[in-house]
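Accompanying notes for the structure given below.
2 protein chains.
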Amino acid sequence: MKRLRVAVVGATGAVGREMTQVLAKRSFPVKKLRLLASKRSAGKTMDTPFGKLVVEELTEEALAGLDLALFAAGSGVAGTMAPLALAQGAVVVDNSSAFRMDPSVPLVVPEVNPDAMTTADRLIANPNCSTILLLVVLAPLARALGLRRVIVSTYQAVSGVGQKGLDALRRETERVLAGEKPMPSTLPFPSAARHRTIAFNLVPQVDRFAEDGYTKEEWKMVDETRKILAMPDLPITATTVRVPVFRSHAESVYIETETQVDLALVREILGGAQGVEVVDNPDAFEYPTPLDSTDRGEILVGRIRRDLGEPRAVNLWLVGDQLLKGAALNAVQIAEKALAGGWWSQ
Amino acid sequence: MKRLRVAVVGATGAVGREMTQVLAKRSFPVKKLRLLASKRSAGKTMDTPFGKLVVEELTEEALAGLDLALFAAGSGVAGTMAPLALAQGAVVVDNSSAFRMDPSVPLVVPEVNPDAMTTADRLIANPNCSTILLLVVLAPLARALGLRRVIVSTYQAVSGVGQKGLDALRRETERVLAGEKPMPSTLPFPSAARHRTIAFNLVPQVDRFAEDGYTKEEWKMVDETRKILAMPDLPITATTVRVPVFRSHAESVYIETETQVDLALVREILGGAQGVEVVDNPDAFEYPTPLDSTDRGEILVGRIRRDLGEPRAVNLWLVGDQLLKGAALNAVQIAEKALAGGWWSQ
Numbered sequence: 001m002k003r004l005r006v007a008v009v010g011a012t013g014a015v016g017r018e019m020t021q022v023l024a025k026r027s028f029p030v031k032k033l034r035l036l037a038s039k040r041s042a043g044k045t046m047d048t049p050f051g052k053l054v055v056e057e058l059t060e061e062a063l064a065g066l067d068l069a070l071f072a073a074g075s076g077v078a079g080t081m082a083p084l085a086l087a088q089g090a091v092v093v094d095n096s097s098a099f100r101m102d103p104s105v106p107l108v109v110p111e112v113n114p115d116a117m118t119t120a121d122r123l124i125a126n127p128n129c130s131t132i133l134l135l136v137v138l139a140p141l142a143r144a145l146g147l148r149r150v151i152v153s154t155y156q157a158v159s160g161v162g163q164k165g166l167d168a169l170r171r172e173t174e175r176v177l178a179g180e181k182p183m184p185s186t187l188p189f190p191s192a193a194r195h196r197t198i199a200f201n202l203v204p205q206v207d208r209f210a211e212d213g214y215t216k217e218e219w220k221m222v223d224e225t226r227k228i229l230a231m232p233d234l235p236i237t238a239t240t241v242r243v244p245v246f247r248s249h250a251e252s253v254y255i256e257t258e259t260q261v262d263l264a265l266v267r268e269i270l271g272g273a274q275g276v277e278v279v280d281n282p283d284a285f286e287y288p289t290p291l292d293s294t295d296r297g298e299i300l301v302g303r304i305r306r307d308l309g310e311p312r313a314v315n316l317w318l319v320g321d322q323l324l325k326g327a328a329l330n331a332v333q334i335a336e337k338a339l340a341g342g343w344w345s346q
Numbered sequence: 347m348k349r350l351r352v353a354v355v356g357a358t359g360a361v362g363r364e365m366t367q368v369l370a371k372r373s374f375p376v377k378k379l380r381l382l383a384s385k386r387s388a389g390k391t392m393d394t395p396f397g398k399l400v401v402e403e404l405t406e407e408a409l410a411g412l413d414l415a416l417f418a419a420g421s422g423v424a425g426t427m428a429p430l431a432l433a434q435g436a437v438v439v440d441n442s443s444a445f446r447m448d449p450s451v452p453l454v455v456p457e458v459n460p461d462a463m464t465t466a467d468r469l470i471a472n473p474n475c476s477t478i479l480l481l482v483v484l485a486p487l488a489r490a491l492g493l494r495r496v497i498v499s500t501y502q503a504v505s506g507v508g509q510k511g512l513d514a515l516r517r518e519t520e521r522v523l524a525g526e527k528p529m530p531s532t533l534p535f536p537s538a539a540r541h542r543t544i545a546f547n548l549v550p551q552v553d554r555f556a557e558d559g560y561t562k563e564e565w566k567m568v569d570e571t572r573k574i575l576a577m578p579d580l581p582i583t584a585t586t587v588r589v590p591v592f593r594s595h596a597e598s599v600y601i602e603t604e605t606q607v608d609l610a611l612v613r614e615i616l617g618g619a620q621g622v623e624v625v626d627n628p629d630a631f632e633y634p635t636p637l638d639s640t641d642r643g644e645i646l647v648g649r650i651r652r653d654l655g656e657p658r659a660v661n662l663w664l665v666g667d668q669l670l671k672g673a674a675l676n677a678v679q680i681a682e683k684a685l686a687g688g689w690w691s692q
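Chains as they are written, first to last, in my numbering: chain A, 1 to 346; chain B, 347 to 692.
Printed below as a string of structure tokens:
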């Protein structure tokens, strides 16, 4: 198999580190791996499954000679630098929101819409983490039963804010347990004009506020779900909340289908769905929790039950590792799909 | 004003302690306060705003000579002992689920349905904590705009499991931060055959499982809401989740009204509603969080916005102190209502 020259852009961040691990774990055919990051991190040595590597500064020159660039940087960096990687011949999988809603850019969850990407596409966008988790479960139900409406409330881990989020939760929690003030400095996002405590608390804001009182995270879930399912008018609404959990997101989801719910059928569909594991045995206290999904690639789903008000609707609870399937794993799966599809075989 | 002989039953638990504090803070006319608890706690001395008091064992004799018994015990104890208090002349306000769905027992949130209790009622039930929080916000909207449907996902604090829940969250968290295993022993409830970790985790089970895959907590929210609003067929569904927060519950709520939502009107209704405080200024990072509501009697509500799929629906986020308005405060408010209504004036 052809081996590729791969760069991870934003290699020192929480998602970038995970991408490097996932490339190794899944035996992605890496000829040479390069770790790119901001000037601040350049020169640093990182231990990776590909050996000790020195982090290089992300410049136009550093993006030359690549087959694949996995971007795990912010949307500002991606917006500027991804085109430079593309222009120099790399295929780009971008984890940021920079290109997701661009009609010419495929937005892909490999289990859901693999056919949205063709060899003509050199830039593929990785969806928002909460959106990926939702779609892996929602899409098979939508395909089999039709979809009328979705209402989702999220319980999102601090890993969504990156390493700073992970550090903040630990630091604030240690302070509170020591009887000190938590001194919040990171949530809802590091550059916010005011910070809110996450230790033993909930922050009902993920990302910045946008139109109509919804946050960007909430709009991402709405817009990206509509795009991935190719249902531009799907009634879907979201409430996204940050919780004091390290790295797996959970979602409470109301799914209204076209027909009266047959729970056995719903379980059968989910049981056979790619990337889904049903964990739903209440009598044995078995249902998905964030800790259960840590370091796992599957989306765990449980608490599957008929809605009490609408006979066509089902309620369920899903959990997935935000850094893996919510980000790094999905990006590498997109690259694997490209590899299998002959992207680099010419 | 007539002063009453009051007993707090279950006085050493998290809710019982809070009841004693609330009686003092609200200057409830207590002539003599008695603290009753299980045999295990009897003889223990407690510092209270009414002086040092010795805890007495809860027996039939101990329930004699009371004007008011505030029950903060489990439903088993309440089911047995509340009738003994009633038979000896006490008015009982019971915080357990034992009598809530009894058609002859009023289930009261004083801001919502004060007229459900009359001087003929000697036993009044205090609703489930999550139900109270929801109803304080839901009822004024239902009255003004009509109500078609409710979908709620909760984020519930460990105080709902009592002092053991508070202790478990602290203990497990300390272990995890020390690099040890959390050794769960308390959630979803102490007598469960299997325990789940709550430190840095979520447990999508509150109380035991009941019919149709829903937990008792979820059914309480459904059944009690229907009873309090006198809407026996209201389509309402709930997903209840335990989160690593100490003592305030939060809820993400979808409320479908009879008419197209006018957000300014919704804000006006909630702004004027008794027991509600609107905290909704996203630009200043102002929205309710559990820590904001600790030790406060009001239900804080924010993230008020039009649903993106249904023009008659509004989504909002509410937070309330589980031990106060969710339990102790509401019970004392019921007693105050009885006092003002002449229950003890004959």
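Think of the CB as a built atom: it goes at the ideal place given N, C-alpha and C, for glycine as much as any other residue.
Tell me which residues of the segment 546-567 of chain B have at least one Cβ-Cβ distance to chain A shorter than 7 Å, keeping chain order. Cβ contacts with chain A come from Phe546, Asn547, Leu548, Val549, Pro550, Gln551, Phe555, Asp558, Gly559, Tyr560.
State yes or no: is the C-beta of Glu268(A) within less than 9 Å of the C-beta of Glu310(A)? Between Glu268(A) and Glu310(A), the gap from beta carbon to beta carbon reaches 9 Å or more.
Suppose you measure from the CA of Arg175(A) to the CA of Phe546(B); what does that come to, to the nearest Å? Cα to Cα, Arg175(A) sits roughly 15 Å from Phe546(B).
List the residues of chain A whose Cβ lies closer than 8 Å to the Cβ of Val589(B), in chain order. Within 8 Å of the CB of Val589(B), the CB atoms of chain A belong to Tyr155, Leu202, Val243, Pro244, in sequence order along the chain.
Neighbour-count burial assignment, Gln260(A), 16 or more Cβ in a 10 Å radius: Exposed is the call here.
Spatial neighbours of Pro528(B) within its chain, please: C-beta separation below 6 Å, excluding the five flanking residues on both sides. Excluding positions up to five away in sequence, the list reads Glu518, Arg521, Val522, Thr543, Ala545.
Assigned exposure category for Ser450(B) - 16 Cβ within 10 Å defines buried: Exposed, by the Cβ-count rule.
Just how far apart, CA to CA, sit Ala471(B) and Thr426(B)? Looking at the two C-alpha atoms, the distance is approximately 15 Å.
Quick check: Val438(B) and Leu469(B), are their CB atoms within less than 9 Å of each other? Here Val438(B) is near Leu469(B), since their CB atoms are less than 9 Å apart.
If the cut is a Cβ gap below 8 Å, which residues of chain B does Ile304(A) touch? The contacting residues are Gly559.
Near Phe189(A), which residues of its chain fall below 8 Å by C-beta distance, leaving aside the five closest residues on each side in sequence? So the qualifying residues of the chain are Val161, Asp207, Arg208.
Give the residues of chain B in contact with Leu291(A), contact being defined as C-beta atoms less than 7 Å apart. Chain B residues near Leu291(A): Thr543, Asn547.
What three-state label does DSSP hand Asn472(B) in the structure shown? DSSP places Asn472(B) in coil when its eight states are reduced to three.
Near-chain B residues of the segment 64-98 of chain A - C-beta to any C-beta below 8 Å: Listed in sequence order: no entries.
In whole angstroms, what is the alpha-carbon distance linking Arg363(B) and Arg305(A)? Approximately 37 Å between the Cα atoms of the pair.
Rounded to a whole number of angstroms, what is the C-alpha to C-alpha distance between Trp343(A) and Lys52(A)? One Cα belongs to Trp343(A), the other to Lys52(A), and the distance between them is close to 29 Å.
Could you pull the DSSP bridge partners for Lys398(B) from this structure? Lys398(B) is bridged by DSSP to Asp393(B).
Distance, Cα to Cα, Lys164(A) vs Pro375(B)? Pairing Lys164(A) with Pro375(B), the inter-Cα distance amounts to about 52 Å.
The segment 308-330 of chain A: positions lying closer than 7 Å to chain B by Cβ: Shown in chain order are the members of the segment 308-330 of chain A whose Cβ falls below 7 Å from a Cβ of chain B: Leu308, Gly309, Glu310, Asn315, Trp317.
From what residue to what residue does the beta strand (DSSP E) around Leu321(A) run? Reading off the sequence shown, one finds Asp at residue 321(A), where the question assumed Leu. Its beta strand (DSSP E) spans residues 313-321.
Rounded C-beta distance between Leu664(B) and Val549(B)? I'm assuming under 8 Å. Their Cβ separation, rounded to whole angstroms, is 21 Å, which puts Leu664(B) and Val549(B) out of contact at 8 Å.
In this structure, does DSSP put Glu180(A) in helix, strand or coil? Correct three-state label for Glu180(A): coil.
Quick check on Ile236(A) - is its C-beta less than 9 Å from some C-beta in chain B? Residue-level contact check: Ile236(A) touches chain B, since one or more beta carbons of chain B fall below 9 Å from its beta carbon.
For Val279(A), which of helix, strand or coil comes out of DSSP? Correct three-state label for Val279(A): coil.
Proximal residues of chain A, C-beta to C-beta of Leu523(B) below 9 Å: Among the residues of chain A, those whose CB is under 9 Å from the CB of Leu523(B) are Arg170, Thr173, Glu174, Leu177, following chain order.
Could you work out which residues of chain B lie near Asp283(A), taking near to mean beta carbons separated by less than 8 Å? Phe555, listed in chain order.
Could you give the distance in angstroms between the alpha-carbon of Gly411(B) and the alpha-carbon of Val368(B)? Taking the straight line joining both Cα atoms gives about 22 Å.
Would you kindly check if the distance between the Cβ of Gly672(B) and the Cβ of Ser387(B) is under 9 Å? Contact: no.
Taking Asp94(A) as the reference, give the member of Ala340(A), Ser345(A), Pro140(A), Gln333(A) with the closest Cα. It is Gln333(A).
List, from N- to C-terminal side, the alpha helix (DSSP H) runs of 4 residues or more that fit wholly inside the segment 529-617 of chain B. Taken in chain order, the complete alpha helix (DSSP H) segments of 4 residues or longer contained in the segment 529-617 of chain B are 562-574, 609-617.
Residue range of the unbroken beta strand (DSSP E) whose run includes Leu300(A): Looking at the DSSP string, the run of the beta strand (DSSP E) that includes Leu300(A) is 299-306.
Check whether the Cβ atoms of Leu669(B) and Ser505(B) lie closer than 9 Å to each other. Yes, the Cβ-Cβ distance between Leu669(B) and Ser505(B) is below 9 Å.
Report back the beta-carbon spacing between Asn459(B) and Thr237(A) to the nearest angstrom; my notes put them in contact at under 8 Å. Between the beta-carbon of Asn459(B) and that of Thr237(A) there is about 30 Å, and that puts the pair past the 8 Å contact cut.
Would you kindly work out how many angstroms separate the C-alpha atoms of Ala466(B) and Ala684(B), rounded to a whole number? So the two alpha carbons sit approximately 11 Å from each other.
As assigned by DSSP and simplified to three states, the class of Val108(A): Correct three-state label for Val108(A): coil.
Could you check how far apart the C-beta atoms of Pro456(B) and Leu616(B) are, in whole angstroms? I think they sit under 8 Å. Wrong, their Cβ atoms sit about 18 Å apart, outside the cutoff.
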